[in-house]
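Numbering (the numbering used here), first residue to last: 1 to 442.
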């Protein structure tokens, strides 16, 4: 479960800050060994693979609470990418930029979730900065997901996933401001539920709602995270219709559950080559440092991924022991197991031509970083290789360096998108920046 560094209004924030120094001190030391690692062991290009057989027993270690209040970017700090790549700052001094999506005409749409805005960035100077920016829409309720409809070169709408609804704005290529008011496509995602707001961001539990369309434009997918960490769905009304990926017609009709048991599917994306839906997922907390893994997986229609009763296949959560044994053999094992508590957020498929061939058509994902782990993990962008459209189970560190050797966090990746020139853009809601990664071969 990810935490935004600037949420001074959140309950307990002052305590959060008061223990930060002691927590940072606990981060010094060598990297973890075995299949699990932490920020000390990150290195661009390093390959990782976690399998179900690697998982420890629940509570093998105590549950830790090591929060990550961001510090100003230290002198000399800079994100690190593999050899041959160059990292530049495309934009800075933003207000916690979150999801980023590329419009068909090449404009970049960015959700500033907490101010309730969608921004548009256009162009690129010779030194890698944006040429123009405008505010596309305001007065939204914790906006996150952004999608263009219909798919293809000439969309007519921009869809936005608010925490409580899905809306759309009339749009034509090149629009820097919405040409009309928001139209509610799904007016209430969770009828009757307590919903988060900018003033109370955690009141409604996980609040991000991503939106994506199938390749043929006939289906609209919407991700909805759980209200809490773990719950008994037989008795907890706050979790009704949550921890799911929903699907509907583009006009919002025929809304139903597409896949369930997915605790917090923050990012969703459709593979442009295969048409498969993929998601990046924040799994549950408080079972120990190395349990259970966050994950990235393709999503099956009707698939069940375990939450809250099971994780990583048929492994039972001991806090709900004995509940629903009939579901154990129905739990789908995710394709790629990530470091537990990574807080995997947005993902995208690399559709550019600038990067070497081995990156083309593959997945990049933003790992926001842990809180429920004794030594920090995440705080990076990872590369997930595919073979014939299917995951190998491996992933690689791609963009690292957002944590100092002493354990102080200055950057937290959230969103990833491919720019028109084929560079990779990464939003960072700790340094309030957008980073640009380009390939030079040098």
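From the three backbone atoms N, C-alpha and C, an ideal C-beta is built for every residue, glycine too. None of the values given here were measured: they were computed from a predicted structure.
Three-way DSSP call (helix, strand, coil) for residue i in this model
i           : result
residue 22  : Here residue 22 scores only 47 on pLDDT, less than 50, and its place in the model is too uncertain to base an answer on.
residue 202 : coil
residue 350 : coil
residue 39  : helix
residue 316 : strand
residue 325 : helix
residue 358 : helix
residue 237 : helix
residue 13  : At residue 13 the pLDDT is 34, less than 50, meaning the model places this residue with poor confidence; the figure from the coordinates comes in the next sentence. Reduced to three states, the DSSP call for residue 13 is helix.
residue 155 : coil
residue 265 : strand
residue 96  : coil
residue 430 : coil
residue 216 : coil
residue 417 : strand
residue 340 : strand
residue 330 : helix
residue 184 : strand
residue 52  : helix
residue 194 : coil
residue 366 : strand
residue 438 : strand
residue 145 : strand
Sequence-distant residues of its chain with Cβ nearer than 6 Å to residue i (five each side left out)
i           : result
residue 153 : 104
residue 323 : 309
residue 121 : 108, 130, 133
residue 413 : 366, 381, 426, 428
residue 36  : 290
residue 88  : 128, 436
residue 265 : 223, 245, 279, 281
residue 370 : 341, 376, 377, 378
residue 16  : With a pLDDT of only 37 at residue 16, under 50, the local geometry of the prediction cannot be trusted, and the value read off the model is given with reservation. Same-chain partners within the cutoff: 67.
residue 2   : Its pLDDT being 45, under 50, residue 2 is placed unreliably in this model, and the value from its coordinates should be taken loosely. Once the five neighbours on either side are set aside, the close Cβ partners of residue 2 are 343, 368.
residue 86  : 438, 440
residue 420 : 106
Supposed close pair residue i, residue j - CB separation, criterion 8 Å
i           : j           : result
residue 275 : residue 215 : 5 Å
residue 286 : residue 63  : 4 Å
residue 252 : residue 166 : 7 Å
residue 243 : residue 225 : 7 Å
residue 302 : residue 27  : With a Cβ gap of about 42 Å, residue 302 and residue 27 do not count as contacting.
residue 143 : residue 118 : 6 Å
residue 91  : residue 434 : 4 Å
residue 263 : residue 307 : 4 Å
residue 220 : residue 250 : 5 Å
residue 201 : residue 114 : 7 Å
residue 402 : residue 79  : 7 Å
Sub-8 Å separation of residue i and residue j beta-carbons
i           : j           : result
residue 66  : residue 373 : yes
residue 194 : residue 204 : yes
residue 189 : residue 168 : no
residue 137 : residue 112 : no
residue 223 : residue 245 : yes
residue 261 : residue 207 : no
residue 74  : residue 313 : no
residue 58  : residue 288 : yes
residue 198 : residue 116 : yes
residue 300 : residue 259 : yes
residue 378 : residue 422 : no
residue 93  : residue 432 : yes
residue 150 : residue 400 : no
residue 230 : residue 98  : no
residue 404 : residue 182 : no
Neighbourhood of residue i by C-beta, 8 Å cutoff - its chain only, sequence neighbours within 5 removed
i           : result
residue 335 : 295, 296, 297, 298, 390, 391, 393
residue 21  : Because residue 21 sits at a pLDDT of 44, beneath the cut-off of 50, its placement in the model cannot be relied upon, and the following sentence gives the value as read from the coordinates. Nothing listed; no residue qualifies.
residue 292 : 55, 283, 284, 311, 312, 315, 340
residue 186 : 165, 166, 222, 248, 252, 255
residue 72  : 410
Sequence-distant residues of its chain with Cβ nearer than 7 Å to residue i (five each side left out)
i           : result
residue 254 : 248
residue 384 : 296, 336, 362, 363, 365, 391, 395
residue 269 : 212, 278, 347, 348, 349
residue 430 : 5, 70, 409, 410, 411, 412
residue 417 : 100, 101, 102, 108, 348, 425
residue 526 : Residue 526 lies beyond the range of the chain shown here (1 to 442); nothing can be said about it.
residue 184 : 165, 167
residue 162 : 140, 141, 142, 143, 209
residue 84  : 439, 440, 441, 442
residue 271 : 278, 349, 389
(request) Determine contact between the stretch 165–180 and the stretch 95–109, defined as no fewer than three beta-carbon pairs at a distance below 8 Å. (result) yes
(message) So, does the stretch 424–442 touch the stretch 353–366, judging by three or more C-beta pairs under 8 Å?
(response) yes
(message) Measuring CB atoms only, is the stretch 325–333 touching the stretch 341–350, in the sense that at least three cross pairs come out at less than 8 Å?
(response) no
(message) Within 8 Å, do at least three Cβ pairs link the stretch 392–401 to the stretch 42–53?
(response) yes
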